[in-house]
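Step one of this worksheet: look at the structure below.
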Amino acid sequence: MTHLFTLSELSVTEITRLLDDAEQFRKGHFWRPPEPMFIANLFFEPSTRTKCSFEMAERKLGLHVIPFDADMSSVQKGETLYDTVRTLESIGVNAVVIRHWEDAYFESLRHSIRIPIINAGDGCGHHPTQSLLDLLTIRQEFGTFSGLTVAIIGDIRHSRVARSNAEVLTRLGATVLFSSPEAWKDEANPYGTYVDIDTAVEAADVVMLLRIQHERHAEKMGLTKEQYHERYGLTVKRARRMKPTSIILHPAPVNRDVEIASELVESERSRIFKQMENGVYVRMAVLKRAMEGSMKNGHYIEKWHVVQ
């Protein structure tokens, strides 16, 4: 079954295949399923980029998108996530994309749902398609991951982006540095080394900033936005000490002048909006994999075409 729950469950070969497929889509190639296929997006948390990106990817692939609004569904009557997904499976949906507030929500579905499930983010757990689009953006810039230093800066403890990226980048040969306020360190994450922000910024080929996860933690830093920016953010002054070829990433939404100076968001170093563009191509690749798995038990069907 071609579920996508975490990148740690994929081999380097499988990850590379997804990135290669995403590049094919970026270059204008396209793929269509040989028969009508249906998909539903189940978002139980707010989302702009991930939800809209999946919807764009689905429509570019010619998939039929079944509308689903959690606030207007039987979830409001107490229906479980399992019963919701099982219902969609029963009426003929070929795959589902799920974002859920619960960490590892997919474990209750892993062995009981027969259609592919794509994890669009689980609580503080994992965000595999965000990691894939980050990888694609880094590969486009540097051509490799081996030997790179990636600094992940901000709310490490509550970030599914940090958790997903640190593991896969380490596996691909990059060195990961973390920089975070003490209260937001994740000591359980074994894939990075903690350093102060100035060291991280100066050493990194990729400076990856994280949004402050206000909705995921009750504790407050006791700092104003201005104080946080000065102590822990990428200020204009800090950015001047970056390597000449280093780039800036951020999963967004961006808190301007908090984790990053507003004028850096669209600066020459920034690839933030390139990440969003790449998100469509990556999700097309992930959906292609899911649909081919739905049709042929996980075996790829090569049916590429070039737009003339």
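Using this note's numbering, the first residue of the sequence shown is number 69, and each one after it goes up by one. All C-beta atoms in this analysis are idealised placements derived from N, C-alpha and C, irrespective of residue type, glycine included.
DSSP beta-bridge partners of residue i
i, result
"alanine 219", "Leu245 and Val275"
"tryptophan 252", "Answer is none; tryptophan 252 lacks a bridge partner."
"arginine 324", "Ile328"
"alanine 163", "Ile107"
Nearest to residue i (by Cα), restricted to the options the options
i, options, result
"serine 214", "Arg127, Val274 and Ala268", "Val274"
"leucine 240", "His71, Ile83, Thr74 and Thr70", "Ile83"
"glycine 361", "Phe112, Ile185, Pro258 and Ile280", "Ile185"
"leucine 355", "Thr155, Asn162, Pro114 and Leu110", "Asn162"
"proline 114", "Asp264, Asp139 and Ala108", "Asp139"
"glutamate 91", "Ser141, Gly193, Ala234 and Thr205", "Thr205"
"arginine 178", "Arg309, Thr70, Val333 and Arg94", "Thr70"
Exposure label - residue i; buried when at least 16 CB within 10 Å
i, result
"serine 79", "exposed"
"valine 218", "buried"
"glutamine 295", "exposed"
"arginine 357", "buried"
"tyrosine 300", "buried"
"proline 104", "exposed"
"glutamine 343", "buried"
"isoleucine 369", "Low per-residue confidence applies at isoleucine 369: pLDDT is 42, beneath 50, and the placement is therefore not dependable enough to give any value."
"leucine 291", "exposed"
"glycine 222", "buried"
"isoleucine 159", "exposed"
"histidine 194", "buried"
Residue i at chain D interface by Cβ criterion, 7 Å
i, result
"histidine 97", "Of the chains in the structure shown, none is chain D; there is only one protein chain."
Host alpha helix (DSSP H) of residue i (start-end)
i, result
"histidine 318", "Neither: histidine 318 is in no alpha helix (DSSP H) and is coded neither H nor E."
"alanine 125", "117-128"
"alanine 234", "228-239"
"phenylalanine 210", "196-210"
DSSP state of residue i mapped onto helix, strand, coil
i, result
"glutamate 360", "helix"
"threonine 303", "coil"
"leucine 86", "helix"
"phenylalanine 136", "coil"
"alanine 286", "The predicted model places alanine 286 with a pLDDT of 45, which falls under 50 and marks its position as unreliable, so this point remains unresolved."
"tyrosine 349", "helix"
"aspartate 267", "A small fix is needed here, since residue 267 is threonine in this sequence, not aspartate. Three-state DSSP puts threonine 267 in a helix."
"threonine 261", "strand"
"histidine 168", "strand"
"leucine 355", "helix"
"serine 338", "strand"
"leucine 75", "helix"
"threonine 292", "coil"
"threonine 81", "helix"
First and last residue of the uninterrupted beta strand (DSSP E) at residue i
i, result
"leucine 110", "106-111"
"aspartate 151", "Not the beta strand (DSSP E): aspartate 151 falls in the alpha helix (DSSP H), residues 149-158."
"glycine 189", "185-190"
Contact test: residue i Cβ vs the ligand NAP heavy atom, cutoff 6 Å
i, result
"isoleucine 134", "You won't find the ligand NAP in this model; it holds no ligand whatsoever."
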